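Each remark here refers to the structure printed beneath this line.
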Amino acid sequence: MSKIMENLINNKFYETKKDVEGKLNVFFAFSVLTQEEYTNLMQLTESKYTEVVAQ
Numbered sequence: 001m002s003k004i005m006e007n008l009i010n011n012k013f014y015e016t017k018k019d020v021e022g023k024l025n026v027f028f029a030f031s032v033l034t035q036e037e038y039t040n041l042m043q044l045t046e047s048k049y050t051e052v053v054a055q
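Each residue of the sequence shown is one higher than the one before, counting from 1 in our numbering.
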């Protein structure tokens, strides 16, 4: 599941960062993801879904 989520995040399958975080939280809560996988995917989500704000 970790590899699938990694691919979805890298390809920005989900519309928002909140959508990804919700999905990851559910998978982690049901022990589908390990702590390490969860942390890595959350960091990847942060890097892919953080919008750059022009000033």
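C-beta atoms are modelled at their ideal positions from N, C-alpha and C, and glycine is treated no differently.
Just so it is clear, the structure is predicted and the values come from calculations on it, not from any experiment.
Here the alpha carbon of Ile4 sits roughly 23 Å from the alpha carbon of Glu51. Taking the Cα positions, Leu24 is about 10 Å away from Ser31.
By the beta-carbon neighbour count (other beta carbons within 10 angstroms, threshold 16), Val26 is exposed. Taking C-beta separations shorter than 7 Å and ignoring five residues to either side along the sequence, the partners of Met1 in its chain run Phe27, Val32, Leu33, following chain order.
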